[in-house]
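Take a look at the structure set out below.
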Amino acid sequence: MTQTSHTPATGTEGERYVQQVMGTSDRAARFYNDQMLDHLNIDMRAFIARQEMLFIATADDRGECDSSFRAGPPGFVHVIDERTLAFPEYRGNGVFASAGNVTQNPHIGLMFLDFQRDRIGLHVNGRVKIMEDDRLRSYVRDLPFPEVPGQRAQMWMLVHVEEAYIHCRKHIPHLRKVGPEEDWGTDDARRKGGDFFGAKQRGEARRHGGAGAHGY
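Residue numbers for the sequence shown follow UniProt numbering, so the first one is 1 and each next one is one higher.
Shown next as structure tokens:
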């Protein structure tokens with residue numbers, strides 16, 4: 001789904017164009033009317049509270065996109081109310097691609113996927129602003145502290161929900177969670193898989209940054 005301004009009942013101009021070409025306008029209208037909300041209902045809020053992973057999509061002011069992944073114990077994404085949620089930004093590779101994008105373009109897409117229990121997905125689209133940990137805690141008294149020693153949020157992404165809707169389970173694989181234990185906070189290159197694809201070893205990385213020099 002695109003992130004332009006629209007009402008959940010009608011979709012974007014681009015969506016409607018492709019629906020017309022593909023002959024799915026009526027089916028799409030039923031989905032908009034039956035499934036698309038402008039808030040998180042009680043079942044969505046309970047679902048988010050169980051999740052241990054999150055995929056996020058952001059773009060800069062030129063529309064150049066970045067996708068990323070977040071993980072933590074159940075509840076690391078904190079639902080403040082039906083229109084607001086927050087998730088922590090922990091120490092990563094220092095690039096801050098997602099955070100950098102939202103300073104230029106506040107639109108964000110979140111994707112929750114439960115591969116284990118429910119085999120279902122939840123899309124949440126909205127607008128985000130960055131808040132310091134101490135400042136957000138002064139407003140949100142029940143904001144969770146990380147259960148992993150040494151992990152403290154460097155900042156939080158505070159998301160105002162504009163769209164929330166289901167991703168059906170038809171093509172979601174059923175996975176089973178097994179070890180190993182995660183090396184939270186490690187700087188050991190081997191343990192964190194920092195050069196898994198060999199870019200550093202072969203000297204292939206771009207030397208001057210650029211639009212695609214993205215990461216955490």
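Where a beta carbon is used, it is the ideal one built from N, C-alpha and C, also for glycine.
Where the alpha helix (DSSP H) containing residue i begins and where it ends
i: Leu136; result: Asp133 to Tyr139
i: residue 224; result: The structure shown does not extend to residue 224, since the chain is modelled only from 1 to 216, so the question has no answer here.
i: Glu13; result: Glu13 to Met22
i: Asp43; result: Ile42 to Arg50
Residue i, DSSP secondary structure in three states
i: Asn125; result: strand
i: Gly81; result: First, the residue type needs correcting, since residue 81 is Asp and not Gly in the sequence shown. Residue state, collapsed to three classes: strand.
i: Tyr165; result: strand
i: Thr103; result: helix
i: Phe87; result: strand
i: Ala97; result: helix
i: Thr2; result: Because Thr2 sits at a pLDDT of 42, beneath the cut-off of 50, its placement in the model cannot be relied upon, and the point is left open.
i: Val109; result: Residue 109 is actually Gly in this sequence, not Val. Looking at Gly109 - three-state DSSP - the assignment turns out to be strand.
i: Phe55; result: strand
i: Leu143; result: coil
i: Phe76; result: coil
i: His160; result: strand
i: Ala152; result: It is worth fixing the name first, because residue 152 is Arg in this sequence and not Ala. DSSP places Arg152 in coil when its eight states are reduced to three.
i: Asp114; result: strand
i: Ala205; result: coil
i: residue 293; result: As displayed, the chain neither begins before 1 nor continues past 216, which places residue 293 out of reach and without an answer.
i: Arg70; result: strand
i: Ile130; result: strand
Host beta strand (DSSP E) of residue i (start-end)
i: Asp61; result: Unbroken run through Asp61: none, as it is neither H nor E.
Exposure label - residue i; buried when at least 16 CB within 10 Å
i: His78; result: buried
i: Pro173; result: exposed
i: Leu175; result: exposed
i: Tyr17; result: exposed
i: Leu51; result: In the sequence as presented, Leu is not what sits at residue 51; that position holds Gln. Gln51 should be labelled buried.
i: Pro88; result: buried
i: Gly203; result: exposed
i: Asp61; result: exposed
i: Asp72; result: First, the residue type needs correcting, since residue 72 is Gly and not Asp in the sequence shown. Label assigned to Gly72: buried.
Presumed contact (8 angstroms Cβ cut-off) between residue i and residue j, rounded CB distance
i: Asp66; j: Asn105; result: That belief does not hold up - the Cβ atoms of Asp66 and Asn105 are roughly 11 angstroms apart, past 8 angstroms.
i: Ala86; j: Leu136; result: 7 angstroms
i: Tyr32; j: Gly63; result: Actually they are not in contact, since the Cβ atoms of Tyr32 and Gly63 sit about 24 angstroms apart, beyond 8 angstroms.
i: Leu158; j: Val178; result: Not confirmed; about 34 angstroms, so no contact.
i: Arg152; j: Asp133; result: 7 angstroms
- Query: Any chance the segment 122-137 sits against the segment 154-166, with 3 or more Cβ pairs inside 8 angstroms?
  - Reply: Contact holds between the segment 122-137 and the segment 154-166, because three or more Cβ pairs, one in each stretch, are under 8 angstroms apart.
- Does the segment 56-63 touch the segment 108-121, meaning 3 or more C-beta pairs lie closer than 8 angstroms? yes
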